[in-house]
Amino acid sequence: MESSLPVSAKSERRWRSKPLQTSKPSLVLAFFSCFAWLYVAGRLWQDAENRTLLSNLLKRNTAQRPKFLTVEDKLVVLGCKDLERRIVEAEMELTLAKSQGYLKNRLLENGSSSGKKFLAVIGVYTGFGSHLKRKVFRGSWMPRGDALKKLEERGVVIRFVIGRSANRGDSLDRNIDGENRSTKDFLIIEGHEEAQEELPKKVKYFFSTAVQTWDAEFYVKVDDNINLDLEGLIELLEHRRRQDSAYIGCMKSGEVVTEEGKPWYEPEWWKFGDEKSYFRHASGSLLILSKNLARYIDINSASLRSYAHDDISVGSWMMGVQATYIDDNRLCCSSIKQDKVCSLA
211 MESSLPVSAK SERRWRSKPL QTSKPSLVLA FFSCFAWLYV AGRLWQDAEN RTLLSNLLKR
271 NTAQRPKFLT VEDKLVVLGC KDLERRIVEA EMELTLAKSQ GYLKNRLLEN GSSSGKKFLA
331 VIGVYTGFGS HLKRKVFRGS WMPRGDALKK LEERGVVIRF VIGRSANRGD SLDRNIDGEN
391 RSTKDFLIIE GHEEAQEELP KKVKYFFSTA VQTWDAEFYV KVDDNINLDL EGLIELLEHR
451 RRQDSAYIGC MKSGEVVTEE GKPWYEPEWW KFGDEKSYFR HASGSLLILS KNLARYIDIN
511 SASLRSYAHD DISVGSWMMG VQATYIDDNR LCCSSIKQDK VCSLA
């Protein structure tokens, strides 16, 4: 019994010493794990610092890099900015000269105008492919030859209105020039290109050119699909003599066509408000302006906005002045009235 006690104590001491021996590798492993964790954390922190430093350097270099030249910069470099300024100044001087009657006086000096005062200048739209239609008009309501001269002696000028070909001097232009030498009944607008897409601008060129060429009380625009009762129109204009600011025609308004591809489509339909309705304006088939309104268009032609249809354009210009709107149903060419002065050809 007594001999067994030392044995038990020895075995207990051996059992207690074993954990102390096995704990050393664990401590070493823990030490290396902690070191590895600190190393990885340090590298990650260093990488983050490097990324921040590189990002700041990149931003600094980007800010110091020369910027791309804008269009304005290129204009300045090429010297076009100064040219643009001089063009604007020249347009302002031209507008001032027109307002003071300078161009009219120059036309008289150069013999471009007879100096005679007329009752009306009637411009009939035409195109390069409308030769047969012009022949029909000359054989019906429109005088020709000596009859045309006698009509001018009465104070009425009639001309076919046409621009120039996109390819200046080509066969289209030469054919018109040849026809004009024979008939002498054209008003050729040198500054206008005769093309479908340029048609809305033609009315502005017509009124401007006509008012510079002839001194008349009225200026009349007529489409090329209209037959005129010439004597009836002259009587109507005689009745309106000395009536300033007269905007005469078959007045109408209507819905703005917003769907592309449909007839009478208006690309700038959004400018006409939520109701999408045109303001009151004279039908483009036949419209008449008194001298001061035509001269207003001439003076301000550089700044007047043209829409997709010429009658809308003229109506928008008249809204900005003190025009007297005269709705005359005798100028409604498509109506069935018997006393109208125009009809569809």
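So in the numbering used here, the last one in the sequence shown is 555, and the numbering has no gaps at all. Where is the CB? At the ideal position from N, CA and C, for every residue including glycine. Note that the structure is predicted; figures quoted are calculated from it, not measured.
Anticipated Cβ contact below 8 Å, residue i with residue j, distance rounded
| i | j | result |
| --- | --- | --- |
| GLU408 | ARG374 | At roughly 10 Å, the Cβ-Cβ gap does not stay under 8 Å, so GLU408 and ARG374 are not in contact. |
| ARG344 | THR336 | 6 Å |
| LYS414 | LEU541 | Their Cβ separation, rounded to whole angstroms, is 21 Å, which puts LYS414 and LEU541 out of contact at 8 Å. |
| MET352 | ILE368 | 6 Å |
| ILE399 | PHE416 | 7 Å |
| PHE370 | VAL346 | The pair is not a contact, with the Cβ atoms about 12 Å apart (cut-off 8 Å). |
| CYS552 | ASP380 | The Cβ separation is near 34 Å, so there is no contact. |
| ASN502 | SER545 | Not really, about 29 Å apart at Cβ, beyond 8 Å. |
| SER463 | ARG490 | 5 Å |
Boundaries (first-last residue) of the beta strand (DSSP E) holding residue i
| i | result |
| --- | --- |
| LEU497 | 491-500 |
| ILE332 | 327-335 |
| ILE458 | 456-462 |
Whether residue i touches residue j by CB criterion (8 Å)
| i | j | result |
| --- | --- | --- |
| ASN437 | ALA555 | yes |
| SER495 | ASP433 | yes |
| ASP508 | GLN453 | no |
| ALA426 | ALA330 | yes |
| LYS547 | LEU497 | no |
| ALA504 | GLY525 | no |
| LEU382 | PHE328 | no |
| ASP537 | MET461 | yes |
| ILE458 | ARG451 | no |
| ASP549 | LYS412 | no |
| PHE428 | SER350 | no |
| ARG354 | ASP395 | yes |
| PRO410 | TYR506 | no |
| ALA376 | ALA357 | no |
Continuous alpha helix (DSSP H) stretch holding residue i: start and end
| i | result |
| --- | --- |
| TYR517 | Careful: TYR517 lies outside any alpha helix (DSSP H) and carries neither H nor E. |
| GLN422 | 409-423 |
| LYS343 | 341-348 |
Per DSSP, cross-strand counterpart(s) of residue i
| i | result |
| --- | --- |
| GLU363 | Bridge partners of GLU363: none, in fact. |
| ARG384 | DSSP lists no partner for ARG384. |
| PHE370 | VAL334 and PHE396 |
| CYS552 | LEU438 |
| ILE536 | ILE458 |
| GLU403 | ARG374 |
| PHE428 | ALA330 and SER500 |
Residue i CB to nearest heavy atom of the ligand GDP below 7 Å
| i | result |
| --- | --- |
| LYS360 | This structure lacks the ligand GDP; in fact it carries no ligand of any kind. |
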